[in-house]
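Notes follow once the structure below has been shown.
Protein chains in written order, with this note's numbering: chain H, 776 to 972; chain C, 23 to 202.
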């Protein structure tokens with residue numbers, strides 16, 4: 776690249792950057808850092824809390840905290856990456872009774888609206904699709920700003936879904952006195968590039 | 023004064039002995055049966071019942087140990103010194119295993135990511151953090167200790183029967199349930 780074309784490129788990039796804060800433009804996508812990010816969940820079997828997590832997922836997050844309504848959030852989760860403390864559960868959960876990974880290798884979330892609910896707090900409404908079943912959910916998110924330059928911000932939150940609405944746990948496992956219907960999802964995302972509040 | 027052979031364990035010691043004998047036998051049998059069951063509601067129920075039984079055994083064993091320390095056992099019938107020493111060693115090891123087996127099981131459960139919730143309502147603390155390698159080790163340990171307990175219990179039963187019916191020293195009347 777010649778010096779001239781490099782200058783032109785820089786100029787275009789700056790113009791594109793300054794154009795972005797226009798009325799309804801999408802904010803720049805943030806970088807979700809694998810290190811420090813996790814999507815985990817807790818189920819209850821006979822009152823026993825059992826933790827699991829998804830080790831592979833992709834997130835596309837565009838958010839300007841000052842104008843959250845312009846943002847969007849999308850997740851694609853590799854259902855085959857659910858991991859528990861015990862190898863027995865790791866082997867069981869991909870089966871058709873549970874997540875049916877062979878037929879439904881991905882779970883998805885797509886936001887439909889984001890609104891502010893307080894300082895650093897947002898409610899992200901959207902559709903959650905697991906095992907081919909889509910449900911409306913509202914996910915509360917709290918964002919802790921980066922503690923210093925070059926540090927990541929942290930978005931975290933938790934919400935409850937009902938596993939039977941997604942047909943997770945079929946046959947004898949629909950007995951919610953043994954395995955609770957409620958599954959608590961909790962997440963933490965390390966975000967780079969979030970505009971300061 | 024009654025003859026020494028008439029002396030019996032206290033009613034509390036006798037009750038704890040037979041209750042724990044029953045609970046240990048059933049728990050051992052359930053443990054053997056359930057450990058390779060396929061994932062199912064039945065397996066989940068049995069595992070939880072086994073854990074609740076184990077914690078109950080642990081608590082009753084603590085009570086039993088405290089009782090034993092405050093109440094001297096009745097004198098045993100005359101027997102050779104090696105038999106007396108073997109009986110003492112067996113009893114000592116049995117008491118050790120009454121604690122070690124449930125504790126290893128509890129630790130295994132915690133390490134495998136299943137905290138123990140007693141009777142489905144009372145969450146017990148995890149003294150081992152979830153860790154697969156630790157879980158595998160504690161699982162083997164729990165099994166090996168349970169088998170050791172079973173072997174010692176068999177030895178204990180065989181020795182008691184030998185004393186009663188071949189040694190003919192009426193050893194069992196010290197621990198026999200029912201009125202003196």
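For glycine and all other residues, C-beta sits at the position ideal for the given N, C-alpha and C. In this text, all values refer to a predicted model and were calculated from it rather than measured experimentally.
Using a 10 angstroms sphere on the CB of residue 888 (chain H), the tally of other CB atoms stays under 16, which defines it as exposed. Residue burial is scored here from C-beta neighbours: residue 124 (chain C) has at least 16 other C-beta atoms within 10 angstroms and is therefore classed as buried.
Contacts between residue 959 (chain H) and chain C, judged by CB atoms closer than 8 Å, are missing: the closest CB pair is about 15 Å apart.
A residue is called buried once 16 or more other Cβ atoms fall within 10 Å of its Cβ, and residue 875 (chain H) is buried on that count. Scanning chain C for C-beta atoms nearer than 8 Å to the C-beta of residue 826 (chain H) yields 135 and 152, reported in chain order. With fewer than 16 other Cβ atoms inside 10 Å of its own Cβ, residue 862 (chain H) counts as exposed.
Residues of the stretch 41 to 68 of chain C with a C-beta atom less than 8 Å from some C-beta of chain H are 61, 62, 63, 66 and 67, listed in chain order. Within a 10 Å sphere around the beta-carbon of residue 94 (chain C) sit fewer than 16 other beta-carbons, which makes this residue exposed.
In this chain, the beta strand (DSSP E) harbouring residue 912 (chain H) covers 908 to 919.
In this chain, the alpha helix (DSSP H) harbouring residue 865 (chain H) covers 862 to 867.
In the DSSP assignment, residue 835 (chain H) forms a beta bridge with H:849.
Interface annotation for the stretch 119 to 135 of chain C against chain H: 134 and 135, criterion Cβ-Cβ distance under 7 Å. Identification of residues in the stretch 848 to 868 of chain H having a C-beta nearer than 9 Å to some C-beta of chain C yields 859, 860, 861, 862, 863, 864, 866 and 867, given in sequence order. Comparing C-alpha distances from residue 905 (chain H) to each of H:836, H:830 and H:882 shows the shortest one belongs to H:882. In the three-state reduction of the DSSP assignment, residue 902 (chain H) falls in the strand class, which pools E and B. Per DSSP, the continuous alpha helix (DSSP H) segment holding residue 83 (chain C) begins and ends at 63 to 92. Fewer than three Cβ pairs drawn from the stretch 939 to 955 of chain H and the stretch 36 to 48 of chain C lie within less than 8 Å of each other, which leaves the two stretches out of contact. The Cβ neighbour count for residue 104 (chain C), taken over all protein chains shown within 10 Å, is under 16; the residue is labelled exposed.
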